[in-house]
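Participant: Numbered according to this note's numbering, the sequence shown spans residues 1028 to 1194. Ideal placement from N, C-alpha and C gives every residue a C-beta, glycine not left out. These numbers come from a predicted model, not from an experiment.
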Amino acid sequence: MPSWITPLISALALAVSLSSFFVSWRMSRRTINAERVTAWIELAATGSSEWLLATVSVKNPSHLDIKVEKLSIGLPDFRLGDLGQASVDDGMGGRILPKEITVKDHHTAMPFELAVGAGETSMGRFLIYQPARSRKRYAKVAVMYWTMEPKPRWRILPITVRTRLDF
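(1) Below 8 Å between beta carbons: does that hold for F1153 and L1107?
(2) Buried or exposed: where does F1048 fall if 16 or more other Cβ atoms within 10 Å of its Cβ makes it buried?
(3) Need the endpoints of the beta strand (DSSP E) that F1105 sits in, please.
(4) Closest by CA to Q1157, which one among G1151, A1166, S1149 and M1150?
(5) Exposed or buried, what is N1060 when buried is set at 16 or more other beta-carbons lying within 10 Å of its beta-carbon?
(6) With A1066 and V1083 assumed to form a contact (beta carbons below 8 Å), what rounded beta-carbon distance in angstroms separates them?
(7) Does the stretch 1168 to 1187 come into contact with the stretch 1075 to 1093, if we say contact requires no fewer than three beta-carbon pairs (one atom in each stretch) closer than 8 Å?
(8) Look at S1076 and A1142 and say whether their C-beta atoms are less than 8 Å apart.
(9) Given a threshold of 16 other Cβ atoms within 10 Å of its Cβ, counted over all protein chains shown, does V1168 qualify as buried or as exposed?
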């Protein structure tokens, strides 16, 4: 048997084991990413030019329930507002936003209760304040949540949302 066959067989065995390791690593990353919690924000105009109605949607494809506890927004131009505080009674038992929105408390981080079951998507609404003088086009909102497992873990999910069109 020639002397070059043994190193060749060893090199081929090493290549097969490395490719097997790479495939298993890719599959584990794909599985982890498939169970990753995602969130997005949709904005709607209000009667006031400085307030935006935001709807946050949280999709939880994992096997664990999660509980959103807090929202925060980047400084210096943006603030959060509680939708319940700004809403008024419409006379028929419902709540609507008035034309002139007045929110007593502006927050950079605000409590926000939203439970999302395993494999579900839930939505919650809040207000985003951006002064008329502000030229920023994007806001960075962080959704902070707990995983509901025997030992809960705290997670932060960053979201970038476009608040103004290009000038």
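Facilitator: According to the structure data:
(1) Yes.
(2) Label assigned to F1048: exposed.
(3) Under the DSSP assignment, F1105 falls outside any beta strand (DSSP E); it carries neither an H nor an E label.
(4) Minimum Cα distance to Q1157 is reached at A1166.
(5) Its Cβ having fewer than 16 others within 10 Å, N1060 is exposed.
(6) Contact check for A1066 and V1083: beta-carbon distance about 6 Å, within the 8 Å limit, so the pair qualifies.
(7) Yes, the stretch 1168 to 1187 is in contact with the stretch 1075 to 1093.
(8) No, they are not a contact pair.
(9) A buried status is given to V1168, since no fewer than 16 other beta-carbon atoms sit within 10 Å of its beta-carbon.
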